[in-house]
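Read through the structure below, which is laid out as structure tokens, and then see the notes.
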Amino acid sequence: MADREKRSKAEVGVPESPSTGHGPQASSLTGKPLADGVITGVREALKLWNFRPHLVSVLASEDEASRVYVDSKARRAGRLGVDFSVRELGAGASQQELEATLRELSGDAGVHGIVLELPLSAGLDADAALLHIAPRKDVEGLTPANLALIAAGREAEALLPPTPRSVRFLLRRVLGDDLRGLRVAVIGPGRTVGRPLTFMLNNRGVTVTLCNEHTHGLANVLAPLDAVVVAVGRAGLLKPEDVQPHHVVIDAGINVQGDGEMVGDAMPDLPVRAQTPVPGGVGPLTSALMYQNLVRAVKLQRGEAVE
Numbered sequence: 001m002a003d004r005e006k007r008s009k010a011e012v013g014v015p016e017s018p019s020t021g022h023g024p025q026a027s028s029l030t031g032k033p034l035a036d037g038v039i040t041g042v043r044e045a046l047k048l049w050n051f052r053p054h055l056v057s058v059l060a061s062e063d064e065a066s067r068v069y070v071d072s073k074a075r076r077a078g079r080l081g082v083d084f085s086v087r088e089l090g091a092g093a094s095q096q097e098l099e100a101t102l103r104e105l106s107g108d109a110g111v112h113g114i115v116l117e118l119p120l121s122a123g124l125d126a127d128a129a130l131l132h133i134a135p136r137k138d139v140e141g142l143t144p145a146n147l148a149l150i151a152a153g154r155e156a157e158a159l160l161p162p163t164p165r166s167v168r169f170l171l172r173r174v175l176g177d178d179l180r181g182l183r184v185a186v187i188g189p190g191r192t193v194g195r196p197l198t199f200m201l202n203n204r205g206v207t208v209t210l211c212n213e214h215t216h217g218l219a220n221v222l223a224p225l226d227a228v229v230v231a232v233g234r235a236g237l238l239k240p241e242d243v244q245p246h247h248v249v250i251d252a253g254i255n256v257q258g259d260g261e262m263v264g265d266a267m268p269d270l271p272v273r274a275q276t277p278v279p280g281g282v283g284p285l286t287s288a289l290m291y292q293n294l295v296r297a298v299k300l301q302r303g304e305a306v307e
């Protein structure tokens, strides 16, 4: 640990924060540079095939944010040369209809990746629905089969959830490729980020502290740790009094304000070593890694070697 503490921010690619006269200011840790590198790799992989992979998003709600995300996926798919389609079931879809759709797509050899857009309409069970997505087409890594492989430490056989992967990428960007021995708090034990991330960090030798709504004395819990990941969905949850100057803060929260502004779970410009902005931090990398998962999914389906 001593060697890590001696390395400067410049050595790990994070510039020193300018002095403002008002205490330390976080360096902004953006996801776009890493995302650009991932997308370059995806483009190179796609060039090796004589067909266009097909990605399908399944919508079963009237959630406006989900529609925004679907549009974003469609634009990137077009730029990459990936076929993209939407199976829109409507807010009134039944559980049986949803599950039948996912089984149909899973059995269709012309479909290579499936995304179930969350949240679903009230009354629909996402956990039950995810059971009907073929694990090797699960480009968001949320099926029980993929999550079980992660928990078992068998990541090489799984499709990993893109948001937790983004968090791990960004931590390595600041703290170095070897995360062993580092201490990281994960605030929010949610299915899509917190729970899989806890196992994924543990698989890299990180000592993980998982915090939830019942955690007392958050500032004292976080104080000795190296990094804090927050993924709750509550704007302003992480405040200046909760963090220390040596912390790296990765904000995976998304909250849409009344005026349409998107903010994270952490207050902006915390007095920490580095902090991801919202938007522009975890999001761009998550999108890129989903398409990297599509490449991996195709290879698994075709029996090709995967890294």
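In terms of UniProt numbering, the sequence shown is residues 1 to 307. In this text, a Cβ means the ideal position worked out from N, Cα and C, and glycines have one as well.
- In the DSSP assignment, ASN255 forms a beta bridge with VAL263.
- If you check the CB distance, LEU131 and PRO119 do not come in under 8 angstroms.
- Counting only the Cα atoms, ASP138 lies some 8 angstroms from ALA297.
- When secondary structure is reduced to three states using DSSP, ALA45 falls in the helix class.
- Judged by DSSP secondary structure, GLY113 falls within the beta strand (DSSP E) whose first and last residues are 113-116.
- Contact between LEU29 and VAL174 holds, since their C-beta atoms are separated by about 6 angstroms, short of 8 angstroms.
- Using a Cβ-Cβ distance cut-off of 8 angstroms, the region 233-248 and the region 261-273 are in contact, since at least three pairs of beta carbons, one from each stretch, lie closer than that value.
- In this structure, DSSP gives LEU149 a helical state, which the three-state scheme calls helix.
- Here DSSP, grouped into helix, strand and coil, assigns VAL58 to strand.
- Rounded to the nearest angstrom, the gap between the Cα atoms of TRP49 and VAL42 is 12 angstroms.
- With a 10 Å radius around the Cβ and a threshold of 16 neighbouring Cβ atoms, HIS112 comes out buried.
- Look at the beta carbons and you see the region 177-187 touching the region 215-233: at least three pairs across the two are nearer than 8 angstroms.
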